[in-house]
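Number 199 marks the last residue of the sequence shown (the numbering used here); no jumps.
The beta-carbon is built from N, C-alpha and C at its ideal position, and this holds for glycine as well.
What follows is a short report on a single structure.
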Amino acid sequence: MNIDPATGWCQQAQHCPSPNFNERPEAEISLLVIHNISLPPGQFNTGRVQQFFQNQLDTSAHPFFGAIAELRVSAHFLIERDGAVTQFVSCLQRAWHAGVSSFEGRETCNDFSIGIELEGTDFEPFTDAQYLALAQLTRQLQARYPAITPSRICGHSDIAPVRKTDPGPHFDWARYRASVAANEGEQ
Ligand SMILES: [Zn+2]
């Protein structure tokens, strides 16, 4: 994992560019937001999250898709169950993952954050491969954007508590934070 400082793209990730981004209003990236997503909900490795972030979801494929197909959203990264990392938006650009949100009194967290989606749900554990990939990616992001200190890594539910529950009760924050601090998975 290595974030190219000139482009904001991670060279080792799969690239799946999303049109859902715009310019950040300020340069400093200072928050990391962890999410979960699966499409259809609870089904994994379907390729639908990639389609969703590219505005290519087939609404006839599943009843749930009709409710979300018109949304224009994205995240910078998706980590699938096997630990595969896909990037949709340059870190230098503003992805559309947080929505109405507030961190320490500062609103519109998309302006200054990076969003990582873990393929999963609120109802079951994440995989070892996901924790490993997430720790590696987090440390690379912190190396490139040092304002992302440990206290500035949070869940979507922390910045949008009324609307959002992800990454959910099965995300093991202690394990994740210890793994990042221990440089586990160093490459
Ligand atoms: Zn979320």
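Taking just the CA atoms, how far does Ile41 sit from Glu116?
Near 15 Å, if we compare the C-alpha coordinates of Ile41 and Glu116.
4 or more residues per run - each alpha helix (DSSP H) lying fully within the region 22-109:
With a minimum length of 4 residues, the continuous alpha helix (DSSP H) runs that stay inside the region 22-109 are 60-65, 77-80.
Distance between Gln152 and Ser191 (C-alpha atoms, nearest Å):
Distance between the alpha carbons of Ser191 and Gln152: 13 Å.
Would you report the Cα separation of Cys166 and Val45, rounded to the nearest angstrom?
Their backbone Cα atoms lie some 5 Å apart in a straight line.
Count the C-beta pairs between the region 145-164 and the region 65-81 that are closer than 8 Å, then say yes if the count reaches three, no if not.
Counting Cβ pairs under 8 Å, fewer than three are found: no touch.
Return the first residue and the last residue of the alpha helix (DSSP H) that Ile171 is part of.
Note, Ile171: alpha helix (DSSP H), 168-171.
Simplified DSSP assignment, three categories, for Ser118:
Note that residue 118 corresponds to Arg in the displayed sequence, not to Ser. Three-state DSSP puts Arg118 in a strand.
Looking at His168 and ligand 1, is the gap between the Cβ and the nearest heavy atom below 6 Å?
His168: yes, Cβ under 6 Å from ligand 1.
Nearest residue (CA-CA) to Pro92, options Asn122, Asp123, Leu144:
Sequence inspection shows Glu at residue 92; the Pro mentioned does not correspond to that position. Ranking Asn122, Asp123, Leu144 by Cα distance to Glu92 puts Leu144 first.
If you compare alpha carbons, which of Ala186, Phe65, Pro158 is closest to Ser125?
Closest in alpha carbon position to Ser125, among Ala186, Phe65, Pro158, is Pro158.
How long is the line joining the alpha carbons of Ile49 and Ser163, rounded to whole angstroms?
Approximately 23 Å, taken between the alpha carbons.
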